[in-house]
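Chains as they are written, first to last, in full-length UniProt numbering: chain A, 1 to 353; chain B, 1 to 326; chain C, 1 to 374. Heads up, the beta-carbon is just placed ideally off N, CA and C, and yes, glycines get one too. Small disclaimer: the values here were computed from a predicted structure and weren't measured. Read through the structure below, which is laid out as structure tokens, and then see the notes.
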Amino acid sequence: MTTLTKESGAPTSADAGAFLSVRDLRVQFKTEDGIVKAVDGLSFDLERGRTLGIVGESGSGKSVTNLTVLGLHNPQFATIDGEIVLDGQELITARERELEKLRGNKMAMIFQDPLTALSPYYTVGRQLSEPFMKHKGASKKEAKDRAIEMLTKVGIPQPKVRFDDYPHQFSGGMRQRAMIAMALMCDPDLLIADEPTTALDVTVQAQILDLLKDLQQEFGSAIIFITHDLGVISKMADDLLVMYAGRAVERGAMKEVLGAPRHPYTWGLLSSMPRLNSDIHQALTPIPGSPPSLLNPPSGCPFHPRCAFRSEVPGTLCTDTRPPLGAGRAAACHLTAEQKQTIFIDKIQPRLR
Amino acid sequence: MLRFIFRRTLGAVVILVLLTVVAFLLFFGMPRDPALLMCGKTCTPDALANIHKTLGIDKSIPEQFWIFLQGLFVGRDDFAQGPCPAPCFGYSYHTNENVWSTLIDRLPTTVSLAVGAAFLFLFVGLGSGLLAAWKRGTLIDKTFTGGAMVLSSMQIYFLGPLAMAFLVYQTHLFDQVEYTNFTKNPASWFTGLVIPWAVLSTIFAAQYTRMARSSMIEQLQEEHVRTARAKGMSRSYVFFRYAWRGSLIPIVTIFGIDIGSLLGGAIITEYTFGLPGLGQLAVEAVKFSDLPLLLGVMLFSAAMILLFNIIVDACYAFIDPRVRLS
Amino acid sequence: MSDNLTLPAQQGSADASSPSPETLLTVEGLTKHFPIYGGFPIRRKVGAVQAVDGVDLSVGVGESVGLVGESGCGKSTTGRLITRLLEPTAGRITYAGQDITHATRRQLAPVRSEIQMIFQDPYSSLNPRQTVGTIIKSPMEVNGIEPAGGREKKVRELLELVGLNPEHYNRFPHEFSGGQRQRIGVARALALNPKLIIADEPVSALDVSIQAQVVNLLQKVQDELGIAFVFIAHDLAIVRHFSQRIAVMYLGKVVEVGDRDSIYNRPRHPYTHALLSAVPEVEIDAEEDSRERIRLSGDVPSPIHPPSGCRFRTRCWKAQDKCATEEPPLVQISGNRGGHLTACHFPEDPTTEDRGEDIVLDPALAALEDDAAK
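Dropping the structure here:
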């Protein structure tokens, strides 16, 4: 096994001048049943031109985090604490008008389901042109030229004709391409892609993923790529953040996190999914139980009720104390570094064959 | 589009014919003989038979129905009261007047009432609904929704006399409720109808407030609205362009039904304020078992509702390109 | 053609599970066209969605057959046709020697209990107003089956079997998580001791960590109770894990069918190649990725006007004139193992190894990659 302590590309501190820096982010929603702690103390950094993958299951807080970055939560229902700094500008305290200038311009978002994420009432061309006209002060004609250029770039055949079509006249894959074109209209520095291929077929997904990667090369945007699919993330990310119950449980360079994971939850994710070349006689090892309720998350480490290695940690540490997530390559787990390594090599790796 | 309208019109005609059949049968199923009513106290079997003959109800039901249908399209001249050009609904048993000209005569009142009230409740209702949605969760929202709740549970026959008592008899702020033909005197047309408009639209406006608010809030949670926000479009732009467009569908649907049925006669309002519209006519027709009049009013109201149904469906195509292009 | 299909699957060395000698279900030329109405002024049938068009398939006793393909390929419709939730337009379904293609409700009754279905969405496929006990019991009540020891005892046994607490007999579906609800769905399917279960995307609505729980449960059910499965899914790795034999579908047709090893390691149909190549696998090192790279262009065509001849030809890099005029039959191509059938005029080599050169049909992708290479 390679040494796991190698310094990764993952950021170390907030003031390292990262392009996007999130510090101790907390997002809570008031509901009739109580307060949902959707995100609970999340920190990460993202450099220009790099891709951060955020992996987690439903309810892990990955989508909420990114809507918070864009400032799309209604302050009436959500309480947001912490710090989000984009290129030197604090976003949580920013005024709505300031955020509007950034959205679609400096930071753009690609949503999961392009059918519901594009308005059925306006043409694709109009929906693409709008942000360009607003942010760049372009005329209708200039915006149309730009939109056609972008539609061509993402591979929409006959872009001049399709400019005047409505989203429902596009196929699923084409719609997601149009969505990508829309996000790239103003050449954003930060692109947030929230499960952009989950609603697509596998052959189309492969096209879109490669397209996104190639476009990133050309545009140089930083990408936050959110998904539940470890296979997809391994194709896209430079760095990886694994989220569970609103918290980051493991962080590091993608290759290290997936190649030598240190958190029992990451181990569980990897050994619960079959691969195309895995041994078919090797039964899958699921994570027992189900994800916790965010209304009433478990005390201490939120993963402890489902963790198979709790007994390796002395005392009641797992149930009382929330393990911190260190800087850089780190896992929020009470197991010692040595334990993590031996358990992975002895017990987990053989399952991944 | 033309094909669509043609097909829907054809369908509407079929429905009207079926409706006529049902009304005809129901009428003759009634245990009451209209001739008996006209015959008076000193009725003899001969006189009764005579009336039967003049009314044309001595013939078999299918035969009567056929004659009626014929009259609708080509007119009839077998009436004692005089000729009856198409569309002929016959002469009223009760007043002996031509039903069609009675309808035409009463129509302006009903149209004035309906259109005026519709203007009022659309603007007030949608306006306050949008405001409540925009200010969702604030005191304004709560006041508007609360007020709408109270008002929509009001009744015209309660609000009407109350408004009259207060605004007309006590403070003399408004004129007596009275219908004057618009072409004769627009000013008194207006002043005479202000109170019925206000009363009728209050209840409707309250419903439209609630509907507009809830459908806007629903639309604001749509993903495509969120996408528009994520592109940096301003809150008001997203509100009025993206969310409003989607809210139009339910609003137009309900509005079509409401205006259609109002044009068929606002029975309670007309009765409350003593306005001689189609609604009053309908009540009279039932009261006097006046078959020709009843059929006339009913078919007319049904035609209005069907007409606005078609208009609503055509509106969908303008609002939603998915309807237009499929 | 169907004779070939009824042959027991030749098991590869990796597939040690015993071959199933006896055929439980045979499907021949199964077709389902959903009519489209339109026209003026009288509405009439103006076309049809050719959801399933001439599918041949067989399932042996206790065998698990996987159906894979992308949306619109007809895999779910096929499942619904087999359970007779839909009425086939044409073709023949034979279950245990009995033709059930157009069997009436009464004729179907004994068969219905032997063929059960598990649905994708564990939230909408359970009646929220019924307790778990009632839900699992109802198939027995409908079919008038009184197991030894009573229905309630049987339900409790089933709950235990699928890994739920039998004490939860009187709880309602909303009190359970997604994975647990899918277990309830499995228990309901098992209530009548079925011989064949059609599982339509049974895990795709579940979280990754929960998927494995349900896959393992289904595998246990298959092994211990000897139930045959038609496993419908779009996730190729899960299908491979679960199924001994796999049929790959494209636009209503089976384009390739064979044992697990043949389909995943020795595929012949270009579509199977493309599909496998598109699966995102966790590969840490780029060097580790020795798989061929194929990127198709565009989406699947509409099943209302499918392409003539071979339906895949519009997205195929090997297509020639012949493909447009002649529909390729589903046959055993030379070099294929027994039972491995491919419907292609110009099959690929039986390997998924990197071919040295990528096949990138997507014009935008190709353009961007050309620019990057320069």
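Outcome for residue i when other beta-carbon atoms lying within 10 angstroms are tallied against a minimum of 16
i: Glu32 (chain A); result: exposed
i: Met1 (chain B); result: exposed
i: Lys134 (chain A); result: buried
i: Gly315 (chain A); result: exposed
i: Asp3 (chain C); result: Its pLDDT being 39, under 50, Asp3 (chain C) is placed unreliably by the model, and the measurement read from it follows with that caveat. Answer is exposed; the Cβ neighbour count stays below 16.
i: Ser113 (chain C); result: buried
i: Glu218 (chain A); result: exposed
i: Met149 (chain B); result: exposed
i: Ile348 (chain A); result: buried
i: Tyr265 (chain A); result: buried
i: Trp66 (chain B); result: exposed
i: Pro363 (chain C); result: exposed
i: Tyr122 (chain A); result: buried
i: Leu26 (chain B); result: exposed
i: Pro324 (chain A); result: exposed
i: Pro85 (chain B); result: exposed
i: Thr42 (chain B); result: exposed
Chain-ordered neighbours of residue i on chain A, where CB pairs are closer than 8 Å
i: Met233 (chain B); result: Glu100, Gly104, Glu130, Pro131 and Lys134
i: Asn216 (chain C); result: Ala283, Leu284 and Pro286
i: Asp33 (chain B); result: The contacting residues do not exist; Asp33 (chain B) stays about 58 Å from chain A at best.
i: Asp320 (chain B); result: Pro120 and Tyr121
i: Leu325 (chain B); result: Tyr166, His168 and Gln169
i: Glu223 (chain B); result: Phe111, Asp113, Thr116 and Ala117
Residue i and residue j closer than 8 Å at C-beta
i: Gly279 (chain B); j: Val99 (chain B); result: no
i: Ala108 (chain A); j: Pro188 (chain A); result: yes
i: Leu211 (chain A); j: Gly173 (chain A); result: no
i: Ile227 (chain C); j: Leu196 (chain C); result: yes
i: His234 (chain C); j: Val36 (chain A); result: no
i: Leu46 (chain A); j: Ala18 (chain A); result: yes
i: Ser125 (chain C); j: Ile232 (chain C); result: no
i: Met243 (chain A); j: Ile54 (chain A); result: yes
i: Leu263 (chain B); j: Ala114 (chain B); result: yes
i: Phe225 (chain A); j: Ala193 (chain A); result: yes
i: Phe121 (chain B); j: Ala212 (chain B); result: no
i: Val199 (chain B); j: Ala230 (chain B); result: no
i: Pro167 (chain A); j: Gln112 (chain A); result: no
i: Ile267 (chain B); j: Ile5 (chain B); result: no
i: Phe229 (chain C); j: Ala199 (chain C); result: yes
i: Pro292 (chain B); j: Ser153 (chain B); result: no
i: Ala245 (chain A); j: Pro292 (chain A); result: yes
i: Leu217 (chain C); j: Gly163 (chain C); result: yes
i: Cys186 (chain A); j: Lys136 (chain A); result: yes
Whole-number beta carbon distance between residue j and residue i, since they are thought to touch under 8 Å
i: Lys213 (chain A); j: Met236 (chain A); result: 7 Å
i: Pro147 (chain C); j: Lys154 (chain C); result: 4 Å
i: Thr209 (chain B); j: Gly129 (chain B); result: 4 Å
i: Thr94 (chain C); j: Leu30 (chain C); result: That belief does not hold up - the Cβ atoms of Thr94 (chain C) and Leu30 (chain C) are roughly 11 Å apart, past 8 Å.
Chain-ordered neighbours of residue i on chain C, where CB pairs are closer than 9 Å
i: Val232 (chain A); result: Pro280
Proximal chain B residues relative to residue i, where beta-carbon distance stays under 8 Å
i: Phe29 (chain A); result: Those do not exist, as Phe29 (chain A) stays about 14 Å from chain B at its closest Cβ, beyond 8 Å.
i: Pro323 (chain A); result: Neighbours of Pro323 (chain A) on chain B: none; closest Cβ ~34 Å, over 8 Å.
i: Met109 (chain A); result: Thr227 and Ala230
Interface partners of residue i on chain B, CB under 9 Å
i: Ala308 (chain A); result: Going along chain B, no residue has its Cβ under 9 Å from Ala308 (chain A), so there is no contact; the nearest lies around 38 Å.
Per-residue contacts from residue i into chain A (C-beta, under 9 Å)
i: Tyr242 (chain B); result: Ser119, Tyr121 and Tyr122
Residue i: contacting residues in chain A (beta-carbon distance under 7 Å)
i: Glu283 (chain C); result: Ser234
i: Arg245 (chain B); result: Tyr121
Per-residue contacts from residue i into chain C (C-beta, under 8 Å)
i: Leu211 (chain A); result: Asp362, Ala364, Leu365 and Leu368
Residue i Cβ short of 7 Å to the ligand GTP heavy atom set
i: Asn165 (chain C); result: Among the components modelled here there is no ligand, and therefore nothing to report on the ligand GTP.
Chain C contact residues for residue i, given Cβ-Cβ distances below 7 Å
i: Thr203 (chain A); result: Glu70, Ala274, Leu275, Ala278 and Leu296
What alpha helix (DSSP H) runs, 4 residues minimum, are completely inside the stretch 208-250 of chain B? 223-230
Complete alpha helix (DSSP H) runs within the stretch 241-324 of chain B (minimum length 4 residues, chain order): 244-263, 267-273, 278-287, 291-319 and 321-324
Minimum length 3: unbroken beta strand (DSSP E) runs contained in the stretch 17-80 of chain A: 20-31, 34-46 and 51-55
Would you mind listing the alpha helix (DSSP H) stretches within the stretch 267-306 of chain C that are 4+ residues and don't spill past its ends, in chain order? 270-278
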